[in-house]
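Enquirer: Numbering (the working numbering), first residue to last: 1 to 434. Pasting a structure here, questions to come.
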Ligand SMILES: Cc1ncc(COP(=O)(O)O)c(C=O)c1O
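Quick look at the structure:
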C-alpha cells in the first residue's frame with residue numbers, strides 16, 4: 001500500500017526521537033522511499049516486483065559494495081545507511097556520559113521499540129522482549145522451561161545447529177530425551193511434515209521445536225498446523241523464526257503460536273545484535289529468564305531483558321529499521337524476493353538437467369532463500385570458485401542428507417546481479433570447475 005509522505009516522514013521522525021539531532025541520512029532515506037512510493041503508485045506487489053525504477057531507489061538506501069555480489073543475505077543483512085547512522089549517533093551520544101545518556105535518556109526508548117515490534121508481529125507489547133539475536137531468544141526458551149529427566153523434546157535434523165546443540169547440552173545436564181526427525185527436501189507436502197512430528201510424539205513429549213523457515217533450503221514449515229496438533233495434546237511448541245520475521249508477511253495469529261524467537265539483523269535490516277522473543281502472556285510464568293530476574297518480574301516480559309549493561313543504541317535503531325520496512329511493505333518485499341529467486345532458479349533449471357533446486361518454488365513454501373545443487377560440481381569448490389574468481393558470495397550448505405549452494409538475495413539486489421550469478425553458473429556448468 002502506498003504511504004503518504006507525511007506518514008512516512010513522521011514515522012521516521014518518531015523513530016529517531018525528538019530530543020536528538022537527526023542524522024544526515026534520515027531525510028535521504030525518507031526522500032528515497034517517497035520517490036520509490038511515487039513510482040509505485042497503487043500497483044499491486046506482484047506487478048511492482050520487477051520494476052527497477054522502484055527497487056533501485058530502495059537499493060540506494062544501502063551503502064553496498066557493488067564490486068561484489070552478495071547472495072548470502074541469510075547469514076545477516078547490511079542495515080540501510082540511515083539505520084546504521086541512527087545507531088552510531090546514539091553510541092556517540094551515550095559515550096558522552098553513559099550513566100545518564102545511555103541509561104536515563106536512551107534505554108527507556110526501548111518501550112517504543114517494543115510497541116512497534118509488537119504491532120508488526122501482532123501481539124501485545126507485554127508479550128514482546130527485545131533480545132540480541134534469535135539464539136538468545138530461543139535459548140531463553142530451551143533453558144527456561146522446567147523439564148524432568150525422561151521428558152521428551154521433538155525437533156528435526158534441519159533445525160538450526162545452535163538450537164540442536166542447546167537441546168543436546170540440556171539432555172546431558174538434565175537427562176531429557178531428544179527425538180530428531182528427518183524430512184525430505186523438498187518435502188512431499190506440508191501434511192507430511194505435520195505427520196512426521198505427530199508420529200514422534202509419545203506420552204512423555206513436552207516440547208516441539210519448529211523452524212518457521214529453514215536456514216538450509218528456505219523451506220517454510222506449516223507452523224500453525226503443527227501448533228494445533230501439539231496444543232490438542234498439551235505440548236508446547238517453540239518456533240524458531242530467525243529467518244521469517246519481516247521476510248514474508250505473517251502475523252502471530254496466522255501461526256497461533258505461544259512462543260517465537262527471531263533475529264532482526266536478517267530480514268528487518270536492523271543493526272547486528274538485535275532480535276526478539278515473544279512469549280504469550282499466560283506462558284511467561286513458565287519460562288525462566290536466561291539471566292536471573294527478581295520474583296516480582298515473574299509475569300513481566302522485561303525479565304528476559306535483564307542482561308546487564310549493554311548498548312541502548314543497537315536496540316533503539318530497530319525503530320528506524322521498522323519504519324524503513326513499513327515504507328516498502330511486507331507484501332512488496334516478499335514479491336520482489338520471490339521474483340529474484342525465480343529468475344535465477346528457473347533459468348538454471350532450464351539450462352541443464354544436472355541442476356536441481358531443493359526448495360519448492362511457490363509462495364506458500366518459500367520466499368527469498370533457495371538451495372541449488374549441480375550434479376558433478378562439489379558444493380564447497382563451487383562456492384569457493386564463485387567467490388574467489390567472480391566475487392559472488394553464496395553459502396555452502398553441507399547437511400548429512402543433502403548439500404548445495406544457498407542463494408539469498410536482498411531488496412537491494414539488482415536484476416543484473418542475479419543475471420551475473422546465473423551466467424557464471426551456466427559457464428561453470430558447461431565447462432566444469434577449473
Ligand atoms: C533457523 C535459524 N535459527 C537461529 C539462528 C541464529 O540466529 P542468530 O545467530 O542471529 O542468533 C539462525 C541463524 O542463521 C537460523 O538460521
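Heads up, the beta-carbon is just placed ideally off N, CA and C, and yes, glycines get one too. Bear in mind that the values here come from a model prediction, so they are computed numbers and not experimental data.
Tell me whether residue 212 is buried or exposed, calling it buried when 16 or more other Cβ atoms sit within 10 Å of its Cβ.
Expert: Taking the first residue of the chain shown as position 1, residue 212 is located at position 212. Using a 10 angstroms sphere on the CB of residue 212, the tally of other CB atoms reaches 16 or more, which defines it as buried.
Enquirer: Mind checking whether the beta-carbon of residue 370 lies closer than 6 Å to any heavy atom of ligand 1?
Expert: In the chain shown, residue 370 corresponds to position 370, counting from 1. Checking the Cβ of residue 370 against ligand 1 gives no.
Enquirer: As a quick exercise: from 353, 352, 433 and 368, pick the residue whose alpha carbon is nearest that of residue 359.
Expert: Along the chain shown, read from residue 1 onward, the residue named residue 359 stands at position 359. The shortest Cα separation from residue 359 among 353, 352, 433 and 368 belongs to 368.
Enquirer: Let me know the beta strand (DSSP E) ranges lying completely inside the region 164-228, each 3 residues or longer, listed in chain order.
Expert: The beta strand (DSSP E) runs of length 3 or more contained entirely in the region 164-228 are, from start to end of the chain, 177-181 and 205-211.
Enquirer: How big is the Cα-Cα spacing for residue 4 and residue 429?
Expert: Sequence index remark: in the chain shown, residue 4 carries index 4 (1-based). Sequence index remark: in the chain shown, residue 429 carries index 429 (1-based). Confidence is the limiting factor: at residue 4 the pLDDT is only 42, short of 50, which leaves the residue's position unreliable and the question unanswerable from this model.
Enquirer: Which stretch, first to last residue, makes up the alpha helix (DSSP H) that contains residue 115?
Expert: Within the chain shown, numbered from 1, the residue matching residue 115 stands at position 115. Residues 110-121.
Enquirer: With residue 131 and residue 276 assumed to form a contact (beta carbons below 8 Å), what rounded beta-carbon distance in angstroms separates them?
Expert: The residue you call residue 131 lines up with position 131 of the chain shown. The residue you call residue 276 lines up with position 276 of the chain shown. Contact flag correct, Cβ pair sits at about 6 Å.
Enquirer: Check each candidate in 239, 198 and 247 and name the one with the smallest Cα separation from residue 230.
Expert: Position 230 of the chain shown, counting from 1, holds the residue named residue 230. Out of 239, 198 and 247, 198 has the C-alpha closest to the C-alpha of residue 230.
Enquirer: May I ask you to check if the CB of residue 414 is nearer than 6 Å to at least one heavy atom of ligand 1?
Expert: As a first step, residue 414 must be located in the chain shown, where it is residue number 414. For ligand 1, not one heavy atom lies less than 6 Å from the Cβ of residue 414.
Enquirer: Can you tell me which of the three DSSP states residue 412 falls into?
Expert: Your numbering for residue 412 matches position 412 in the chain shown. In the structure shown, residue 412 sits in coil (DSSP, three-state: anything other than H, G, I, E or B).
Enquirer: Hey, could you find the ends of the beta strand (DSSP E) residue 436 is sitting in?
Expert: Here the chain covers residues 1 to 434 and nothing more, so residue 436 does not appear.
Enquirer: Examine ligand 1 and report whether any of its heavy atoms sits within less than 6 Å of the Cβ of residue 79.
Expert: Position 79 of the chain shown, counted from the start, is the residue given in the question as residue 79. No, ligand 1 has no heavy atom inside 6 Å of this Cβ.
Enquirer: For residue 234, which of 32, 223 and 206 has the nearest alpha-carbon?
Expert: For the purposes of this step, residue 234 is identified with residue 234 of the chain shown, where counting begins at 1. Of 32, 223 and 206, the residue nearest in Cα terms is 206.
Enquirer: Can you tell me which of the three DSSP states residue 343 falls into?
Expert: As a position in the chain shown, residue 343 is number 343, starting the count at 1. Helix at residue 343.
Enquirer: Does the beta carbon of residue 240 fall short of 6 Å from some heavy atom of ligand 1?
Expert: Within the chain shown, the letter at position 240 stands for residue 240. Yes, the Cβ of residue 240 comes within 6 Å of a heavy atom of ligand 1.
Enquirer: How should residue 328 be labelled, buried or exposed, when 16 other C-beta atoms within 10 angstroms of its C-beta is the threshold for buried?
Expert: Within the chain shown, residue 328 is the residue found at index 328, counting from 1. Around the Cβ of residue 328, a 10 Å sphere holds 16 or more other Cβ atoms; the residue is buried.
Enquirer: Within 10 angstroms of the Cβ of residue 310, are there 16 or more other Cβ atoms? Answer buried if so, exposed if not.
Expert: Walking along the chain shown from the start, residue 310 turns up at place 310. When all chains shown are included, residue 310 counts as exposed.
Enquirer: Run the CB neighbour count on residue 191, radius 10 Å, all protein chains shown included, and call it buried at 16 or more, exposed below.
Expert: The sequence position of residue 191 within the chain shown is 191, counting from 1. When all chains shown are included, residue 191 counts as exposed.
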